[in-house]
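Q: The structure follows.
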Amino acid sequence: MSLLDTIRADALAARKSKAPEAGGLVTLIGEIDTKTKGFSPARAMTDAEVVAVVKKFLKSIDETIWHTGGAPSEKLLVEKAALEAYLPRQMTEDELRGFAEARAAEGKNMGQIMGALSSEHAGRYDGRTASGIVKSVLAV
Numbered sequence: 120m121s122l123l124d125t126i127r128a129d130a131l132a133a134r135k136s137k138a139p140e141a142g143g144l145v146t147l148i149g150e151i152d153t154k155t156k157g158f159s160p161a162r163a164m165t166d167a168e169v170v171a172v173v174k175k176f177l178k179s180i181d182e183t184i185w186h187t188g189g190a191p192s193e194k195l196l197v198e199k200a201a202l203e204a205y206l207p208r209q210m211t212e213d214e215l216r217g218f219a220e221a222r223a224a225e226g227k228n229m230g231q232i233m234g235a236l237s238s239e240h241a242g243r244y245d246g247r248t249a250s251g252i253v254k255s256v257l258a259v
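Numbering-wise, the numbering used here comes out as the position in the sequence shown, counting from 1, plus 119.
See the structure below:
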């Protein structure tokens, strides 16, 4: 089952149970459906494209929290937790460091390490954190 199908099924279940996160998930489904209208009917959105939309919604929630002075409503927290469940597990700093150290031992430079990280672990790490870790590994 694709990530989009999972989100649709969860949104339907949330609406039926009248769960508070249903509003956010239904909105997310609407956004995804809007985005898919640009694609041919034979091509469904990939999981990576769905993750990008989920991240867009999470960024919007974070901005709303920031604009309200860091005091989020219960609804925002529930929606944020529900959306975060659809993101792939993020690499820990130790995992990033191990990856960078292994590539540095092979004689790779910053660009090669970041390129390998991007191709092998796309969407599973924070770029700023990864960049800092790679720089610190290469500085040793």
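The C-beta atom is built at its ideal place from N, Cα and C for all residues, glycine as well. Predicted model, so just to flag it, every value in this text is computed and none were measured.
How many angstroms separate the CA atom of Val-170 from the CA atom of Glu-150?
A: Going from the Cα of Val-170 to the Cα of Glu-150 covers about 12 Å.
Q: Between which two residues does the alpha helix (DSSP H) carrying Leu-236 extend?
A: Run containing Leu-236: 229-239, per the alpha helix (DSSP H) assignment.
Q: How is Val-173 classed by DSSP in three states: helix, strand or coil?
A: The answer is helix: DSSP assigns Val-173 an H, G or I state.
Q: Specify the secondary structure class of Glu-150 as computed by DSSP and reduced to three states.
A: Glu-150 falls in the helix class under three-state DSSP.
Q: Count the other C-beta atoms from every protein chain shown that fall within 10 angstroms of the C-beta of Met-120, then say buried if there are 16 or more, exposed otherwise.
A: Exposed, because fewer than 16 other Cβ atoms sit within 10 Å of the Cβ of Met-120.
Q: Can you tell me the Cα-Cα spacing of Val-173 and Leu-123, whole angstroms?
A: The alpha-carbon atoms of Val-173 and Leu-123 are separated by roughly 10 Å.
Q: Nearest-angstrom Cα distance between Ala-256 and Ala-138?
A: Before going on, a small fix: residue 256 reads as Val here, not Ala. Each residue's Cα considered, the two are about 46 Å apart.
Q: For the alpha helix (DSSP H) holding Gly-217, just list the boundary residues, first then last.
A: Looking at the DSSP string, the run of the alpha helix (DSSP H) that includes Gly-217 is 212-224.
Q: Does the stretch 193-209 come close enough to the stretch 234-248 that 3 or more CB-CB pairs lie under 8 Å?
A: Touching, per the Cβ criterion.
Q: Which same chain residues, not among the five before or five after Phe-218, have their C-beta less than 7 Å away from its C-beta?
A: The answer, listed in chain order, is Leu-236.
Q: Would Asp-213 be called buried (16 or more neighbouring beta carbons within 10 Å of its own) or exposed?
A: Label assigned to Asp-213: exposed.
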